[in-house]
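What follows is a single structure, written as structure tokens, with notes after it.
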Amino acid sequence: MNGSVDRRQLTFMAMAGLAGGAIGWIPVELAARGHSLTQNQTAWTQLAGIISMALLWALIGGLIIASESQTLEITPRTTRDFLRGFVICFVIGLPAVYYANVLFTAVLIDGGWGVNRAGAFGWLILARTIGWAFTGLMLGIAVGGATLSLNNLVKGGIGGLTGGFIGGLLFDPISMGGGGGLLSRLIGLSVLGLAIGLAIGLVQELTKNAWLVVEAGRLAGRQFRLEKSTVTVGRAEENAVGLFGDPHVQARHALLTRQSDGWSIKSIAIASGTTVNGNVVETAPLRDGDRIGIGDYLLRFNLRQGARAPGDRQAAFIHTPRPDTAISSGPRQPFLIDGSGNRYAIQPAAPTRMGRALDNDIVVSHPSVSRHHAQIVAANGGFELHDLSSQNGTYVSGQRIGEARINDGDTIALGDAPFTFRA
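One gets the working numbering by counting positions in the sequence shown from 1 and adding 8 to each.
Printed below as a string of structure tokens:
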């Protein structure tokens, strides 16, 4: 599977960085008003400059972290993410800006910088590039640390360093080209934020090892990077993989785990189950290209080439709807056939219970099916179908029943899920 880059995520992170740079321009401009590089600054002026630049970096970092949700809505989750990122980036930004200023000044002094000296503009670009690359490095580490993933510290640092370097390289030419006015500085700081957001996102995308792509459902087209060793999937906002807008997805529905031999999935849903390639599972290994069904969502699991895949572990299927495994070779063994041609064995010596819950003999993952919907029992040399007080009813040949004898070829339905009985 190729490591397809999530362009949507990149766009959100780049635009978040741009917005942070644009908003952060306001305190920077206010703090620098009436001052220039050629003037001696008081301690208060220097402090205001450090705080204003730290606010700039905090706004860029906070918005980049909030953009991970890929939504323009202000939700409790995006608010939490922004505030967490803002505080972390501001706290780290204060010393980072101070030492970046030290580097900036040292480079200018070393180059003998002066307003009318030859090559002064080049030294100014070099000094700012080094200073902002350092601050970008620290910002990227802060952004990575805010995700509570050690791996993201390195990725964020590389992305932040790259973005800060690009922003520092372009700021003074943009400012000079625009005459050094307010608008040119606004554009320069916005480009800085955009470069950092884009660089951090690009590093994360190019180095991801496992991810999910939503193929069907409300969030079709959305991607989720799997960065932690344990990833929860469900409807609640606190899940790393949030599947919203589907009542059949539970608050915490499934658990993805990275192990030494690859990834696996465990269903933790109480009512509706989880499927892998159409099979209802309790636990199952995951391989590149596997399709996971949760409620009305269909997710494709992707593993980068070279990443370790699971070996020959077998899935703990509740039911495997295939003729060669679901039905034994015994003579005249009864079974059900669903609309896709899958066969489900009927136990001749014990009741065969059917429903949506995972403890049924035949698990039917359909929203119209109750948790324990119906059962088939052997009686008087044949078989009977008993409804178990289901909400949407049990039917034989189109007639709703409480109990009824079923014969070879009869059409039965659990809610809106049809089957054909064969004996």
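Heads up, the beta-carbon is just placed ideally off N, CA and C, and yes, glycines get one too.
Please read all numbers here as calculations on a predicted model, not as lab measurements.
Inspect the beta-carbon positions of residue i and residue j and report whether they are closer than 9 Å.
| i | j | result |
| --- | --- | --- |
| Leu251 | Gly303 | yes |
| Ile208 | Gly168 | yes |
| Gly242 | Arg260 | yes |
| Val199 | Gly175 | yes |
| Ala425 | Asn415 | no |
| Asp89 | Arg136 | no |
| Phe343 | Leu393 | no |
| Ile72 | Met21 | yes |
| Ser275 | Thr265 | no |
| Leu147 | Gly69 | yes |
| Thr53 | Val105 | no |
| Glu76 | Thr155 | yes |
| Trp33 | Arg295 | no |
Assuming residue i contacts residue j under a Cβ cut-off of 8 Å, what Cβ separation, rounded to an integer in Å, is found between them?
| i | j | result |
| --- | --- | --- |
| Lys236 | Ala218 | Lys236 to Ala218, Cβ: 11 Å. No contact. |
| Leu220 | Leu234 | 7 Å |
| Arg364 | Val385 | With 8 Å as the limit, Arg364 and Val385 do not qualify as a contact, their Cβ atoms being about 20 Å apart. |
| Val36 | Leu64 | 5 Å |
| Ala141 | Phe173 | 4 Å |
How big is the Cα-Cα spacing for residue i and residue j?
| i | j | result |
| --- | --- | --- |
| Ala39 | Ala56 | 6 Å |
| Ser336 | Arg351 | With a pLDDT of 41 at Ser336, under the threshold of 50, the modelled position of that residue is not reliable, and the figure given next carries that caveat. Rounded to whole angstroms, Ser336 to Arg351 spans 11 Å at the Cα level. |
| Glu411 | Val404 | 10 Å |
| Asn400 | Ala421 | 10 Å |
| Leu161 | Gly28 | 21 Å |
| Ile195 | Ile182 | 7 Å |
| Ile96 | Ile149 | 10 Å |
| Val289 | Val372 | 12 Å |
| Ser12 | Gly101 | 33 Å |
| Arg361 | Asn368 | 5 Å |
| Arg379 | His256 | 12 Å |
| Arg413 | Pro359 | 14 Å |
| Arg299 | Pro293 | 12 Å |
| Leu396 | Ala382 | 5 Å |
| Pro253 | Ala224 | Pro is not the amino acid found at residue 253; the sequence shown has Gly there. Roughly 12 Å separates the two Cα atoms. |
| Pro318 | Ile138 | In this prediction, Pro318 has a pLDDT of 49, which is less than 50 and means its spatial position is unreliable; nothing more can be read from the coordinates. |
| Arg92 | Gly164 | 16 Å |
| Ile345 | Arg226 | 30 Å |
| Leu41 | Leu26 | First, the amino acid is wrong: residue 41 is Arg here, not Leu. For Arg41 and Leu26, the distance between alpha carbons rounds to 22 Å. |
Any beta carbon from chain D within less than 9 Å of residue i's own beta carbon?
| i | result |
| --- | --- |
| Ala39 | Note that chain D does not occur in the displayed structure, where there is just one protein chain. |
Could you pull the DSSP bridge partners for residue i from this structure?
| i | result |
| --- | --- |
| Lys274 | Leu263, Thr291 |
| Ala435 | Beyond the ends of the chain as shown, which are 9 and 431, falls residue 435; an answer cannot be given. |
| Arg351 | Ile345 |
| Ala224 | Leu306 |
| Val249 | Val241 |
| Val284 | Asn287, Ile300 |
| Phe232 | Leu220 |
| Arg430 | Phe343 |
Handout entry: Entirely enclosed beta strand (DSSP E) segments - the stretch 355 to 428, minimum 3 residues
Key = Fully contained in the stretch 355 to 428 are the following beta strand (DSSP E) runs of length 3 or more, in chain order: 360 to 363, 382 to 387, 390 to 395, 402 to 404, 407 to 409, 411 to 414, 419 to 422.
Exercise for the section: Give, in chain order, every unbroken run of the alpha helix (DSSP H) that is at least 4 residues long and sits entirely within the stretch 121 to 169. Expected result: Counting whole runs of 4 or more residues, the stretch 121 to 169 contains the alpha helix (DSSP H) stretches 128 to 154.
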